[in-house]
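The block underneath contains the structure these notes are about, expressed in structure tokens.
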Amino acid sequence: MQTEPNKFVKELTQEKYKYGFTTEVSTDIIEKGLNEDVIRLISSKKGEPEWMLEFRLNAYRHWLTMTMPHWAHLDIPEIDYQAISYYADPTKKKEGPKSMDEVDPELIKTFNKLGIPLHEQRQLSGMAVDAVMDSVSVKTTFKETLMEKGIIFCSFSEAVKEHPDLVQKYLGSVVGYRDNFFAALNSAVFSDGSFVYIPKGVRCPMELSTYFRINAANTGQFERTLIVADDDSYVSYLEGCTAPQRDENQLHAAIVEIVVHDRAEVKYSTVQNWYPGDVNGKGGIYNFVTKRGHCKGVDSKLSWTQVETGSAITWKYPSCILSGDNATAEFYSVAVTNNYQQADTGTKMIHLGKNTKSTIVSKGISAGKSQNSYRGLVRVSSKADNARNYSQCDSLLLGSNCGAHTFPYMDINNETAIVEHEATTSKISEDQLFYCNQRGINTEDAIGLIVNGYAKEVINKLPMEFAVEAQKLLAVSLEGSVG
Amino acid sequence: MLQIRDLHASINGKEILKGINLDIEKGKVHAIMGPNGSGKSTLSAVLVGNPAFEVTKGTVTFEGKNLLEMSPEERSHVGLFLSFQYPVEIPGVSMVNFMRTAVNEKRKYLGQEALTASEFLKLMREKRAVVELDNKLANRSVNEGFSGGEKKRNEIFQMAMLEPKLSILDETDSGLDIDALRIVAEGVNKLKTPETSCIVITHYQRLLDYIKPDIVHVLYKGKIVKTAGPELALDLEERGYDWIKAELGE
Amino acid sequence: MAAEQQYIDIFLECGSAINKHSSELLNSKRAEAFENFKKNGFPTRKVEKYKYTDADELFAPDYGLNINRLDIPVNPYKVFKCDVPNMSTALYFVVNDSFYPVSQASPNIPEGVIIGSLKEFSEKHPEIIEKYYGKIAKTEEDSITALNTMMAQDGFLLYVPKGVVVERPIQLVNILHSSVDLMSNRRVLVILEENAHAKLLICDHAMDDVKFLSTQVIEAFIGDNSLFDLYELEETHNRNVRFSNLYVSQSANSNVLLNGMTLHNGVTRNMTNVSLEGKGAEIKLCGMAIADKREHIDNNTFIDHKVSDCSSNELFKYVLDDEAVGAFAGKVLVRHDAQHTNSEQTNRNLCATRTARMYTQPQLEIYADDVKCSHGATVGQLDENALFYMQQRGISLREARLLLMFAFVNEVIDNVRLDVLKERLHVLVEKRFRGELSKCEGCAICK
Chain E
13 MQTEPNKFVK ELTQEKYKYG FTTEVSTDII EKGLNEDVIR LISSKKGEPE WMLEFRLNAY
73 RHWLTMTMPH WAHLDIPEID YQAISYYADP TKKKEGPKSM DEVDPELIKT FNKLGIPLHE
133 QRQLSGMAVD AVMDSVSVKT TFKETLMEKG IIFCSFSEAV KEHPDLVQKY LGSVVGYRDN
193 FFAALNSAVF SDGSFVYIPK GVRCPMELST YFRINAANTG QFERTLIVAD DDSYVSYLEG
253 CTAPQRDENQ LHAAIVEIVV HDRAEVKYST VQNWYPGDVN GKGGIYNFVT KRGHCKGVDS
313 KLSWTQVETG SAITWKYPSC ILSGDNATAE FYSVAVTNNY QQADTGTKMI HLGKNTKSTI
373 VSKGISAGKS QNSYRGLVRV SSKADNARNY SQCDSLLLGS NCGAHTFPYM DINNETAIVE
433 HEATTSKISE DQLFYCNQRG INTEDAIGLI VNGYAKEVIN KLPMEFAVEA QKLLAVSLEG
493 SVG
Chain F
-6 MLQIRDLHAS INGKEILKGI NLDIEKGKVH AIMGPNGSGK STLSAVLVGN PAFEVTKGTV
54 TFEGKNLLEM SPEERSHVGL FLSFQYPVEI PGVSMVNFMR TAVNEKRKYL GQEALTASEF
114 LKLMREKRAV VELDNKLANR SVNEGFSGGE KKRNEIFQMA MLEPKLSILD ETDSGLDIDA
174 LRIVAEGVNK LKTPETSCIV ITHYQRLLDY IKPDIVHVLY KGKIVKTAGP ELALDLEERG
234 YDWIKAELGE
Chain S
3 MAAEQQYIDI FLECGSAINK HSSELLNSKR AEAFENFKKN GFPTRKVEKY KYTDADELFA
63 PDYGLNINRL DIPVNPYKVF KCDVPNMSTA LYFVVNDSFY PVSQASPNIP EGVIIGSLKE
123 FSEKHPEIIE KYYGKIAKTE EDSITALNTM MAQDGFLLYV PKGVVVERPI QLVNILHSSV
183 DLMSNRRVLV ILEENAHAKL LICDHAMDDV KFLSTQVIEA FIGDNSLFDL YELEETHNRN
243 VRFSNLYVSQ SANSNVLLNG MTLHNGVTRN MTNVSLEGKG AEIKLCGMAI ADKREHIDNN
303 TFIDHKVSDC SSNELFKYVL DDEAVGAFAG KVLVRHDAQH TNSEQTNRNL CATRTARMYT
363 QPQLEIYADD VKCSHGATVG QLDENALFYM QQRGISLREA RLLLMFAFVN EVIDNVRLDV
423 LKERLHVLVE KRFRGELSKC EGCAICK
């Protein structure tokens, strides 16, 4: 076949990152830099109890002994951790707003602009939202409705005060502060995030979602999410994120911990759309996230679905520890990188219990000058009889200046295990494009169609509203990518 | 030859056979018919000792011996053969190697000398003719890349090689076109002797046009509900199973 | 940690003795290798490439070295009978790490072909060898290669000039023979100029029940349109440790088959590094391992697609029993300009017991878009339906298992392009699975 890769391709102007605006709101930002005083200040601003401060300080002291990991297939510029402000509060109120009236109208406008209505009566679908901007939870909707069922859905800061027993019991139980460099950093300085507790036997009647927004400049966002699903419960949780367009890189280092008890099920979906930087690779979010769920109970089930289109650098491996017998875990991922984006993402499935099953489906799409890596580990311990894993990792390359990489690790210590991994790398064929062109579909649209078809298996796992959003996002992220 | 008494069997805790009573006579062809899900294939699987099924109650005696105590290979050695509904593909294991191992293990069990390579190949040639099995197929891996018809022919070929006393044909007609069906049926007929018996499990009369049954049983909801002569098969073909259900008061 | 110190000391102490019993060309690379070795030391398991085999620990014990090339009290031509009957090979021996003098020239080796001692021929034909020796086995990149380069005094050379086809398979038998624990450092250099053909079979045998530690570095340069087969068969014993680094550089339209088979061993670590330098080069890289007891087999492969229109096909299969440990790490790199690359990698493994462990790590790193690449890896057991089918036909469970295991590894053996060797391997593998000693005649000990 003759090589004329650009035959059908025309240069398109880069679609603007549609969430790149900033909100003019007076924000209480603390001094840049990190030391024990800063941590004490964060803790006191949040009015935290002594044990919480202790936890933070222990994490900080441990962090000091660690160095940034460099094993990922990423080129991470030196990060000056003293040049970042670790706390920004756009609400300026110590307690957080009690009612809608107390929320700064600018903030409500911001979230409306992002398509996240905070007025419950204006919401069409019954979706409860916790809106977090910078370091503070702005507003959590439908809290009372949920409370009737015993479901706790609130900001993390609130949970520390209102439900200290639950927080103390589960905080750090899945991701300890010693876990890794970014987990230690987060444990020291985490600001806000969501806390979810589903009591025994309760099926959460609506989707819970948290919307993260970085607004302030030169700040890092360090949110922390903790979800506990007690026996026989069910919850579907969504997470979305955006940030303004800025020339400087901003750091986002979050932790998500999920505990799934006997026969409970948690679905966690993410559409990650942090600002990816511009066409020349300037600016963008550094997204270093530790997400892990513990399928602790028998017959427990955890499903991660992620659509990763944003961030300049993504370092993220939502993982599952399957320690309960018959536990099931899934990881479905689409990661798109364009321009100078770099993503090193995947999962870890640690099989400890008997008859545990895991499925991994990862679809990487690289365009522009980006690098996209899948990195995954499947470990079957010697006691995990009859463990099953199936992994499928496909990569799609758009253009010849990008890279697609697969780094799966399989550690099998039990003879009854069946573990399968398959990976393919391909490009969109000229034939496919030509076929579409002949039917009157232009190349850009054709690529959108083909890419969406390619990612369908994952997108289908998302809740309806998110799936539509994700499809649009895929197309937008890849615009101007071919050429 | 074979006596089944109050046989109960289940898979994954679900009971499929709920008290089968059946006698297979020497030299006879028995047909077992029944609607989908009645337990026909389970019965054949249990008789040859498929470990996926659990016998919870009852006895099976084959020529005076307790069949249920035997391993699958021992059942094969004493003369039980199952023509699988879905023969398994075994990549990398050649038909020749596979069959030679099977034949010689049986001979060992019977206290006979192993066949030499040339004796064995001669036997292969003879038996291949019975089902008109292509030499090329015999040189491939077991069932790998065989068409549906070829797989079934290969089953009958193996039956010819192993000379069983009791053959069970599990839905051997499924997936066969009319020519293949004829070849397979002729093969079975050629192998029939006054000393051997056959259980033909099928949905349809079609196969029974070629392999004439002496006795026809209807299996329904895990039990033999009716036994009669060959005319029963024709009756079923014409009237379906509903009248039997009606007779049972359903 | 710090197992390297004793080797640093030995080199400083015995450097001149090493040089004295080697050739100028081999000596010329030692200083740089030593500097690199001193700088890098042995890789710990934190080094990704050595994650599954602890070099530091394995090199720590005290081994004897035959630096002064004391006479080898054995005539391999007399004691060793080839285990591959009907295969008429041109047979050569390296005993420990010295080439054993050829008693009579092998017939049917075309003129111009050089087969023999690396030390001897690097003195006789430095003009040929200096272009190649140490050129792809980079001492700064791998400490085992560095150690081998600084210590190796002799080894094996195969040189096939332009346009020459060597029909007769060449067999090199590495014999480990010693009454005390011994370390040997072998070096092999293979040069095929354009349009040349050759097939090389290398067998490892341990003759004595002492601890052996070997390093082996093979550099193979395969010219345009050349065809080269390399089969490596390891049949040693549980007290044998082997580190082998194989480097292959392929020019345009060359075709190479590498097939490494480990039947008996102690600890084996094979690194294979294939560089596709010329358009249209093809590599088929296979490996097979059967391990039981506490055997350890680690295959680390790297295929570098540097230019366009090359193809690579990789197949590795492991059968692990008892407490055996298997590791496979296979990386395929497709560089920016390597358009129209075809690359396939398969790793399949059977674990027979709970205590056997398998680590597998297939990796793809791709920077070109018009490529077809795939990899697959599985760890599992024998197909239960197939087992039952065979039992129904009267085959005992044990026999059915053997047949399936046999079929499993046969896929690798089927790639052998030497029929007699293929047949022999079938027999050896079957014996191995049946738990019989598959020792060669003349091997004193195979456990």
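Residue numbers (our numbering), protein chains in the order written: chain E, 13 to 495; chain F, -6 to 243; chain S, 3 to 449. Just so you know, even glycine gets a beta-carbon here, dropped at the ideal spot from N, CA and C.
* Identify every residue that forms a DSSP beta bridge with residue 304 of chain E. => E:269 and E:331
* For residue 289 of chain S, the residue or residues it bridges with in DSSP -> S:262 and S:318
* To do: Taking 7 Å as the cut-off, decide whether the C-beta atoms of residue 310 of chain E and residue 337 of chain E are in contact.
  => yes
* What are the residues that DSSP puts in a beta bridge with residue 277 of chain S? -> S:251 and S:306
* C-alpha distance - residue 136 of chain E paired with residue 390 of chain E, whole-angstrom precision -> The pLDDT assigned to residue 136 of chain E is 44, lower than 50, so where the model puts this residue is not dependable, and the model offers no usable value.
* Asked: So which residues of chain S does residue 77 of chain F contact, with C-beta pairs closer than 9 Å?
  -> 391 and 394
* Can you tell me the Cβ-Cβ gap for residue 178 of chain S and residue 224 of chain S, rounded? I've got them flagged as a contact below 8 Å. => Not really, about 28 Å apart at Cβ, beyond 8 Å.
* Of the residues E:68, E:172, E:223 and E:160, which one's Cα is nearest the Cα of residue 199 of chain E? -> E:68
* Asked: Using DSSP with H/G/I as helix, E/B as strand and the rest coil, what is residue 414 of chain E?
  -> coil
* Identify whether residue 17 of chain S lies in helix, strand or coil by the three-state DSSP scheme. => helix
* Cβ-based contacts, 7 Å cut-off: residues of the segment 370 to 392 of chain S near chain E -> 370, 371, 372, 373, 374, 375, 376, 377, 378, 379, 380, 381, 382 and 383
* Asked: Are residue 346 of chain S and residue 332 of chain S touching if we call contact CB-CB under 7 Å?
  -> no
* Determine the DSSP secondary structure at residue 16 of chain F, reduced to helix, strand or coil. => strand
* Asked: What residues in its chain sit with their C-beta under 8 Å from that of residue 134 of chain E, if we drop five residues either side in the sequence?
  -> Low per-residue confidence applies at residue 134 of chain E: pLDDT is 46, beneath 50, and the placement is therefore not dependable, though the value from the model is reported in the following sentence. None.
* Taking Cβ-Cβ distances shorter than 8 Å, what residues in chain S pair up with residue 422 of chain E? -> 360, 361, 362, 363, 379 and 381
* Is there a Cβ from chain F that is less than 7 Å from the Cβ of residue 29 of chain S? -> no
* **Chain-ordered neighbours of residue 356 of chain S on chain E, where CB pairs are closer than 7 Å** => 394, 426 and 427
* Asked: Under the rule that 16 or more other beta-carbon atoms within 10 Å means buried, what is residue 302 of chain E, buried or exposed?
  -> buried
* Asked: For residue 161 of chain F, which of helix, strand or coil comes out of DSSP?
  -> strand
* Provide the residue span of the beta strand (DSSP E) that contains residue 263 of chain E, from first to last. => 261 to 264
* Asked: Of all the CB atoms in chain E, is at least one closer than 7 Å to the CB of residue 367 of chain S?
  -> yes
* Under a Cβ-count criterion, where at least 16 other Cβ atoms within 10 Å of its own Cβ denotes burial, should residue 81 of chain E be classed as buried or exposed? -> exposed
* Taking Cβ positions only, does residue 160 of chain F come closer than 7 Å to chain S? -> no
* **Nearest-angstrom Cα separation, counted from residue 403 of chain S out to residue 232 of chain S** => 30 Å
* Asked: Applying the criterion that 16 or more other CB atoms from any shown protein chain within 10 Å of the CB defines a buried residue, is residue 10 of chain F buried or exposed?
  -> buried
* chain F contact residues for residue 113 of chain S, given Cβ-Cβ distances below 7 Å -> None at all; the shortest Cβ gap to chain F is about 42 Å.
* To do: Determine which residues of the segment 175 to 186 of chain S have a Cβ less than 7 Å from any Cβ of chain F, and write them out in chain order.
  => none
* Asked: Can you list, in chain order, the residues of its chain whose CB lies under 8 Å from that of residue 438 of chain E, leaving out five sequence neighbours each side?
  -> 406, 407, 408 and 409
* Residue range of the alpha helix (DSSP H) that residue 1 of chain S falls in? -> Only positions 3 to 449 of chain S appear in this structure, which leaves residue 1 of chain S out of reach.
* Which listed residue (F:179, F:214 and F:77) has its alpha carbon closest to that of residue 8 of chain F -> F:214
* CA-CA distance, residue 218 of chain F and residue 68 of chain F? -> 27 Å
* Are any of the Cβ atoms in chain E nearer than 7 Å to that of residue 312 of chain S? -> no
* Report all residues from its chain with a CB closer than 8 Å to the CB of residue 186 of chain E; omit the five preceding and five following residues, and keep chain order. => 269, 270, 271, 304, 305, 306 and 333
* Of the listed residues F:79, F:107, F:48 and F:165, nearest to residue 391 of chain S (C-alpha basis) -> F:79
* Kindly indicate if chain S contains any beta-carbon less than 7 Å away from that of residue 3 of chain F. => no
* To do: May I ask which residues mark the beginning and end of the alpha helix (DSSP H) holding residue 145 of chain S?
  => 145 to 153
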